[in-house]
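The sequence shown stops at residue 1647 when you use our numbering, and every number in between is there.
Note that beta-carbon positions come from the ideal geometry of N, C-alpha and C, so glycine has one too.
All values derive from a computational prediction rather than experimental measurement.
For reference, the structure discussed in these notes is given below.
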Amino acid sequence: MKEVVIRKALREDIERIEEIYEEFLDYEAEHGTVTNWIKGVYPTEKNALAGLENDTLFVGELDGKVIGSYILNHIQPDEYSKIDWKFSIDRPEDVIVIHTLCLDVKCQGLGLGKKFVNFALEYGRKIGCKVMRLDTYEFNEPAAKMYDKMGFRYVGKEKFFFENAILENLICFEYEL
């Protein structure tokens, strides 16, 4: 297998990103959910376009084909204020947050999620961040195990209300850069 190339997304990537979201959500509908995402609610093309417009949407390519995406920015959900973070920050720009990490279902289990997260850690360091923060659905064991193995610190669980439609418990992690 060739190396995954992670780069800023382009407008022409949006259709493929939407396809990955749809296929992933169809897969979860058939095999059980680990994300608690809802098709047509989150994630959607609208989320990808917002990331593109804000220059925070990234894609990973394998053999020239987009196989996943995520948003990297400084935006912490309001619910993060209820979490007892271990690493303090002076300003919002000191934190990088991973949002909506989604891989092609055919590429899962190959260690590619780790490559996406490692890129995000390096990117955060490059732009001067001190801490990475992220969250995942409380029953997303594959992601939680990956973050733990990568050295992320579990810091707590909180109820989140997403897109005015998804009420869920998310577990939060952080990593000092």
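Item                                                                                                             : Value
Classification of A1520 by the beta-carbon crowding that lies within 10 angstroms, buried from 16 upward         : exposed
Any beta strand (DSSP E) of 3 or more consecutive residues that is wholly inside the segment 1511-1575           : 1527-1532, 1535-1543 and 1565-1573
Cβ-Cβ separation, R1623 to F1609 (assumed contact under 8 Å), whole Å                                            : At roughly 20 Å, the Cβ-Cβ gap does not stay under 8 Å, so F1609 and R1623 are not in contact.
DSSP-derived helix/strand/coil call for Y1602                                                                    : According to the sequence provided, residue 1602 is Met. The question's Tyr does not apply to it. M1602 falls in the strand class under three-state DSSP.
C-alpha gap between N1588 and L1532, whole angstroms                                                             : 16 Å
Inter-residue spacing [alpha-carbon to alpha-carbon] between T1503 and D1560                                     : 37 Å
Spatial neighbours of V1475 in its chain, beta-carbon cut-off 6 Å, leaving aside the 5 residues before and after : E1531
Span of the beta strand (DSSP E) around K1596                                                                    : Premise fails: K1596 lies in the alpha helix (DSSP H), L1582 to K1596, not in any beta strand (DSSP E).
Three-way DSSP call (helix, strand, coil) for K1615 in this model                                                : helix
Backbone CA spacing between R1481 and L1522 [nearest angstrom]                                                   : 7 Å
Counted within 10 angstroms of its Cβ, other Cβ atoms place G1594 as buried (16 or more) or exposed              : buried
CA nearest to the CA of V1575, picked from K1600, I1487 and L1542                                                : I1487
8 Å Cβ shell around Q1546 - same chain, five flanking residues per side excluded                                 : P1562, V1565, V1567 and R1603
Beta-carbon proximity check, N1628 vs I1537, cutoff 8 Å                                                          : One point to set straight first is that residue 1628 is Glu, not Asn, in the sequence displayed. Not in contact: E1628 and I1537 (Cβ atoms no closer than 8 Å).
Proximity of C1577 and F1494 at Cβ, strictly below 8 Å                                                           : no
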